[in-house]
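Okay, so here's the structure we're looking at.
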Amino acid sequence: MLSTIVLLSLVQALALVSAAPAPSPATKRANINPIGLGSDDTGYSSYSGAANLQWYYSWALDPWDVSGKEFVPMVWGRDSVSQVSGRTREEASYILGFNKHVGGSDISASDASSIHQQWTGALSQSLKIGSPAVARGSTDWFNNWISACSGNCDFDFVPIHFYGTSAADLISYIQSFPRQGKPIWVTEFACVGYGTNYYCNADEVKSFMDTAIAWFRGDGADIVERWAWFGAMPRFASAGNANGLENADSSFNDLGNHYLGL
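Reading the sequence shown from the start, the letters are residues -19 to -1, 1 to 243 in mature numbering (1 follows the signal peptide of the UniProt record, and there is no 0).
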């Protein structure tokens, strides 16, 4: 009799186990209002009417005359630091750190660590903070910055730049970047080999863009939070740069509309 009761209990337990729902697969972190653009003072006039454009930046603390789009201020370099306190707009949720050190803010990793702590401490509101932006080939600089910070630099995401002719190289660069567990923002990327002076043609640009953004939204969604193509500037049209998203009158061209629809 006892063995019968034990057997029945075992059968009931197995039935409960088999009826239990299977564990849900781990979900990827979603991109957060991802489609962005950086613009100088010549290229923003069509931003307000661009339905799918979600955010933009100006390489500065102040926005352009754009309505209905999230503006993300930037502390471009040393000269911007003294202006941070009181200059960040109340509606801002994020702030970008220094522009890339090579061909940009021209700042050492050691100096960047101390100055980063200075300006983040001067913020008058709670913002999600970007680390200094780094371009392809600057992983050592970023590692040196992390070391110099000694755990004292507040940052919530890592902006990176990438210029090259292979979307696979971009993806590999992102996957291997020492991002310290933080999400990545790709704040400048385009299909161009500056080292070889090679500018992709229109078909190559579109293929590069499509492949990269499909990965950002798919397998890379747990790494890449936002992105901004380079660039939305009318001068690209007159220069024959196939990466340009705008016509000479700063309206979006076919590639610009395509980018905003991805």
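Beta carbons are placed, not taken as given, at the ideal position from N, Cα and C, and that holds for glycine.
Treat the numbers as computed from the prediction; the structure is a model and nothing was measured.
Where residue i falls: helix, strand or coil (DSSP)
i, result
"residue 123", "helix"
"residue 186", "helix"
"residue 172", "strand"
"residue 115", "strand"
"residue 42", "coil"
"residue 47", "coil"
"residue -15", "Because the pLDDT of residue -15 is 40, which lies under 50, any placement of that residue in the model is unreliable, and the question is left without a value."
"residue 13", "coil"
"residue 52", "strand"
C-beta atoms of residue i and residue j nearer than 8 Å
i, j, result
"residue 244", "residue 126", "The structure shown does not extend to residue 244, since the chain is modelled only from -19 through 243, so no value can be given for it."
"residue 23", "residue 190", "no"
"residue 186", "residue 236", "yes"
"residue 231", "residue 26", "yes"
"residue 115", "residue 76", "no"
"residue 170", "residue 211", "yes"
"residue 80", "residue 55", "yes"
"residue 73", "residue 53", "yes"
"residue 61", "residue 42", "yes"
"residue 101", "residue 110", "yes"
"residue 173", "residue 208", "no"
"residue 29", "residue 50", "yes"
"residue 164", "residue 138", "yes"
"residue 66", "residue 39", "no"
Where the alpha helix (DSSP H) through residue i begins and ends
i, result
"residue 102", "90 to 102"
"residue 239", "235 to 242"
"residue 207", "Not the alpha helix (DSSP H): residue 207 falls in the beta strand (DSSP E), residues 205 to 210."
"residue 148", "148 to 157"
"residue 218", "216 to 220"
"residue 59", "59 to 62"
Beta strand (DSSP E) segment containing residue i, residue limits
i, result
"residue 18", "16 to 19"
"residue 277", "Given that the chain is displayed from residue -19 to residue 243, the structure contains no residue 277 and the question cannot be resolved."
Cβ-based burial, residue i [other Cβ within 10 Å; buried from 16]
i, result
"residue 225", "buried"
"residue 162", "exposed"
"residue 145", "buried"
"residue 32", "exposed"
"residue 118", "exposed"
"residue 227", "buried"
"residue 112", "buried"
"residue 71", "exposed"
"residue 183", "exposed"
"residue 149", "exposed"
"residue 221", "exposed"
Touch test, the stretch 201 to 208 against the stretch 176 to 192, Cβ-Cβ under 8 Å, three pairs minimum: The answer is no - the stretch 176 to 192 does not touch the stretch 201 to 208, with fewer than three Cβ pairs under 8 Å.
Validate contact between the stretch 127 to 139 and the stretch 168 to 180 using beta carbons, cut 8 Å, 3 pairs: Counting C-beta pairs closer than 8 Å gives fewer than three between the stretch 127 to 139 and the stretch 168 to 180, which falls short of the contact rule.
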